[in-house]
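Trainee: Going letter by letter, the sequence shown gives residues 1 to 569 in UniProt numbering.
We put the beta carbon where it would ideally sit given N, CA and C, even for glycine.
Could you have a look at this structure, given as structure tokens, before my questions?
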Amino acid sequence: MTEATEKPTYDETLLDKITEGKASILFPKGNKVFYNPIQQFNRDISVLGIRAWSEIFEAEQKSKKAKKNNNNNKRKGSNKESESSPKFTKVSENEKVAAEAKPANESEAAEPATSETVEEKSADKQQEESTAVGSNLVVAKPHEPKPYIEIIEALSASGLRAIRYALEIPKIKTVIANDFSASAVESIKQNSQYSGADSVVKPNEGDACVLMYQHKNKPVHVVDLDPYGSATPFMDAAVQSIKDGGIMLVTCTDLAVLAGNSYPEKCFSQYGGQTLHSDASHESALRLVLNMVASTAAKYGKSIEPLLSLSIDFYVRLFIRIKTSPLQVKQNAHNTMIVYQCTGCGTFTKQPLGKAVQKNNNFKYGYARGPTVSERCAHCDSLHIIAGPMWGGPIHNKAFIDKMLEVYKDLDTDVYKTTSRIEGMLTLAKDELTDVPFYFSPQNIASIVRSSSPPHRKIVSALCNAGYQVSFTHALAGGIKTDAPFTVIWDIFRQWIKEAHNGETSKNLKEASPGTKIVKLLEPVSGLKISFEDHPRALELEKFRKSKVVRYQENPTKNWGPKAKASKN
1 MTEATEKPTY DETLLDKITE GKASILFPKG NKVFYNPIQQ FNRDISVLGI
51 RAWSEIFEAE QKSKKAKKNN NNNKRKGSNK ESESSPKFTK VSENEKVAAE
101 AKPANESEAA EPATSETVEE KSADKQQEES TAVGSNLVVA KPHEPKPYIE
151 IIEALSASGL RAIRYALEIP KIKTVIANDF SASAVESIKQ NSQYSGADSV
201 VKPNEGDACV LMYQHKNKPV HVVDLDPYGS ATPFMDAAVQ SIKDGGIMLV
251 TCTDLAVLAG NSYPEKCFSQ YGGQTLHSDA SHESALRLVL NMVASTAAKY
301 GKSIEPLLSL SIDFYVRLFI RIKTSPLQVK QNAHNTMIVY QCTGCGTFTK
351 QPLGKAVQKN NNFKYGYARG PTVSERCAHC DSLHIIAGPM WGGPIHNKAF
401 IDKMLEVYKD LDTDVYKTTS RIEGMLTLAK DELTDVPFYF SPQNIASIVR
451 SSSPPHRKIV SALCNAGYQV SFTHALAGGI KTDAPFTVIW DIFRQWIKEA
501 HNGETSKNLK EASPGTKIVK LLEPVSGLKI SFEDHPRALE LEKFRKSKVV
551 RYQENPTKNW GPKAKASKN
């Protein structure tokens, strides 16, 4: 990093100063739109995510280079042996042997590393021959890798996020901090100088999509989209501006559309699908965004790999790796689903849109069979509604989360103020069942049958004793993920009514209600014996629930949430 220009002086009596992470910014006094402290967690975990990605990316590049060099060395091995053996083997006819060993085309022969000392070579020559003969050349001590990471922050506003990236992420070459507002761009310039990051942060005034389209032929490693509302309008440009293996960070704040039930037509027009009308609406929001990104990227032969997908406060934040892989794009139909949801008891059933059958190292693709439900719910005889299409594959990558937790250990708690919540959210996300879409709320299930809600420990034990997997979810406090079908879940609640309520149903349970139809069969429908005896997994999750790890954000301030949209000027 080159030295930043000397900091200009400012009249700080007219300005407010905010320090977050390693950055300090100035903004006009009384400007409430300019800085939102609630988003500090977003920025902290974004720094952590890019650092984790960069370490994985560098390791992959080194592995590819080593493999390439190893293959080159193998191809050149026979030539090196024939060329070097005359020089170290005592023979009576040196000149004759040397003449026979000399290759027909000298320009194609690799020069042995022992023929010339390192001191006699220039630095450029050393670099060239290091590439040519790999580990056979003795070179000088390795130098620190040059900064290489290029980032586009398409909607930068104050520039705080861009400045933090420049100061807190190693090996940053350039952060292009873009905004359509001239005053915002001037603020970015001022704040980057004030924080000493102006050699890396490059302010740009213009349309975010135009900027990203300009990088179609010179793509960057990281694109960060943090708009007011939906990121959909920026997605086509964004997926085309990222290098193969790069990472996209996406925020959407329109959860009234993504996770609500009042605007299904708006949700479909923005994200190409309709949200789930249930407790799992926030995970449904994540899956709708992922499907939108996947379908946009697929047009250009690019696939997505969700690394971390979080529902946070009033928005969703996703870390998505973009890869140029037409072969992986073929998996999109298999990784896309619709969901049938009962209007009476809330039971949901997924329906993949495609089929992928693996045979050896190849896949055979075809049509999925359906529907996966009857016209009426098997549990309460109510009708179904349809949600989706949405992403049906994993929403997290556990190896990536492990790397984030590894980097997390080095964070300075004096600099990063949200470390406890970062640890809690990452731990929860890592523990989530990978191949199980959605979760249920025990309290809401209990309300359907008008019974008390069993303690989490009892429900988890019953599910595990029946042979199923269980985890919590980061998206809903008290939510439970399981691969058990709803037949088993309803059996558990029927058994709970038998044991905790002596088999007596509530007087508030109406005759024609879905709950009545469910509990009238007090004997298990699944045929399983339901046991609430403590299971080790239940004790493990109970211990985690009682730990001091911060998992869910409490409302930190009065009237907290997204700020008003900034006006263009």
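Quick one, which of G366, N397, N335, S309 has its alpha-carbon nearest P389's?
Mentor: Residue N335 is the option with its Cα nearest to P389.
Trainee: State the start and end residues of the unbroken beta strand (DSSP E) segment that holds C342.
Mentor: Here the beta strand (DSSP E) through C342 covers 336-342.
Trainee: CB I445 to CB V460, shorter than 9 Å?
Mentor: No, the pair does not count as a contact, with Cβ atoms beyond the cut-off.
Trainee: So for V488, helix, strand or coil by DSSP?
Mentor: Helix at V488.
Trainee: Using only the alpha-carbon positions, how far apart do K202 and T343 sit?
Mentor: So the alpha carbons of these two residues sit roughly 52 Å apart.
Trainee: Using the beta-carbon count (16 or more within 10 Å), is D254 buried or exposed?
Mentor: Burial call: buried.
Trainee: Run through the DSSP bridge pairs and tell me what W391 is partnered with.
Mentor: According to DSSP, W391 bridges with T336.
Trainee: May I ask which residues mark the beginning and end of the beta strand (DSSP E) holding L539?
Mentor: It is not in any beta strand (DSSP E) - L539 instead sits in the alpha helix (DSSP H) that spans 536-545.
Trainee: For the beta strand (DSSP E) that contains residue 570, what are its first and last residues?
Mentor: Here the chain comprises residues numbered 1 to 569, so residue 570 is not present and cannot be evaluated.
Trainee: On a CA-only basis, which of A356, A399, K417 is nearest residue 643? Give me that one, please.
Mentor: As shown, the chain starts at 1 and ends at 569. That puts residue 643 outside it, with no answer to give.
Trainee: Give, in chain order, every unbroken run of the alpha helix (DSSP H) that is at least 4 residues long and sits entirely within the segment 442-482.
Mentor: Here the runs fully enclosed are 442-449, 456-465.
Trainee: Between R51, I395, A387, R421, which lies nearest to R164 when the distance is taken from Cα to Cα?
Mentor: For the residues R51, I395, A387, R421, the minimum Cα distance to R164 belongs to R51.
Trainee: Check whether the Cβ atoms of L426 and M404 sit closer than 9 Å, and answer yes or no.
Mentor: Yes, the pair counts as a contact, with Cβ atoms nearer than the cut-off.
Trainee: Please list the terminal residues of the continuous alpha helix (DSSP H) segment that includes S284.
Mentor: Its alpha helix (DSSP H) spans residues 281-298.
Trainee: So does the segment 521-540 actually touch the segment 353-368, counting three or more Cβ pairs closer than 8 Å?
Mentor: Output reads no: the segment 353-368 does not touch the segment 521-540.
Trainee: Excluding five sequence neighbours on each side, which residues of the same chain lie with their C-beta closer than 8 Å to the C-beta of Q495?
Mentor: If we look at Q495 and ignore the five residues flanking it on each side, its Cβ neighbours are A462, P524, I530, F532.
Trainee: Measuring straight from C-alpha to C-alpha, what distance separates A387 and K64?
Mentor: So the two alpha carbons sit approximately 42 Å from each other.
Trainee: Count the C-beta pairs between the segment 179-188 and the segment 153-167 that are closer than 8 Å, then say yes if the count reaches three, no if not.
Mentor: Yes, the segment 179-188 touches the segment 153-167.
Trainee: Which of the three DSSP states is assigned to R369 in this structure?
Mentor: Correct three-state label for R369: coil.
Trainee: Nearest CA to the CA of I322: which residue from K243, L541, Y213, G229?
Mentor: It is K243.
Trainee: Smallest Cα separation from I395: which of R450, V449, R287, K330?
Mentor: The shortest Cα separation from I395 among R450, V449, R287, K330 belongs to R287.
Trainee: Tell me whether the beta-carbon of V407 lies closer than 9 Å to the beta-carbon of L48.
Mentor: Yes; because the gap between Cβ atoms is below 9 Å, this pair is in contact.
Trainee: Should D483 and V436 be called a contact, given that it needs their Cβ atoms to be closer than 9 Å?
Mentor: Closer than 9 Å, so yes.
Trainee: Our contact map puts Y194 next to I25 with C-beta atoms below 8 Å; I'd like the distance itself, whole angstroms only.
Mentor: Sure, about 7 Å apart at Cβ, within 8 Å.
Trainee: Compare the Cα-Cα distances from L476 to each of G229, S278, Y35, D224 and report the closest residue.
Mentor: Comparing Cα positions, the closest option is S278.
Trainee: Any idea if E20 is buried or exposed, counting beta-carbon neighbours within 10 angstroms, 16 or more meaning buried?
Mentor: Classification of E20: buried, given that the 10 Å Cβ count is 16 or more.
Trainee: If you measure between the beta carbons of residue 622 and S303, is that distance less than 9 Å?
Mentor: In the structure displayed, the chain extends from 1 to 569; residue 622 sits before or after that span and is not available.
Trainee: What residues are listed by DSSP as bridge partners for Y315?
Mentor: Note: Y315 sits in a beta bridge opposite I312.
Trainee: Please report how far the alpha carbon of Y263 lies from the alpha carbon of S382, in whole angstroms.
Mentor: Roughly 23 Å separates the two Cα atoms.
Trainee: Confirm, please, whether the CB-CB distance from R421 to F27 is below 9 Å.
Mentor: Contact: no.
Trainee: With H, G and I counted as helix, E and B as strand and the rest as coil, what does DSSP make of L509?
Mentor: Three-state DSSP puts L509 in coil, outside helix and strand.
Trainee: Leaving aside the five residues before and after P219 along the sequence, list all residues of the same chain whose C-beta is less than 6 Å from its C-beta, in chain order.
Mentor: Counting only Cβ-Cβ distances below 6 Å, and skipping sequence neighbours, we find S241, I242, K243.
Trainee: Suppose contacts are defined by Cβ-Cβ distances below 9 Å. Is L411 in contact with T419 by that definition?
Mentor: Yes, they are a contact pair.
Trainee: Give the secondary structure of D412 by DSSP, where H, G and I count as helix, E and B as strand, and everything else as coil.
Mentor: Three-state result, D412: coil.
Trainee: Of the choices G393, R75, P145, L160, whose alpha-carbon is the least far from that of R43?
Mentor: Taking only the C-alpha atoms, the option nearest R43 is L160.
Trainee: With T419 as the anchor, note down where its alpha helix (DSSP H) starts and where it stops.
Mentor: From DSSP, the alpha helix (DSSP H) with T419 extends over 419-431.
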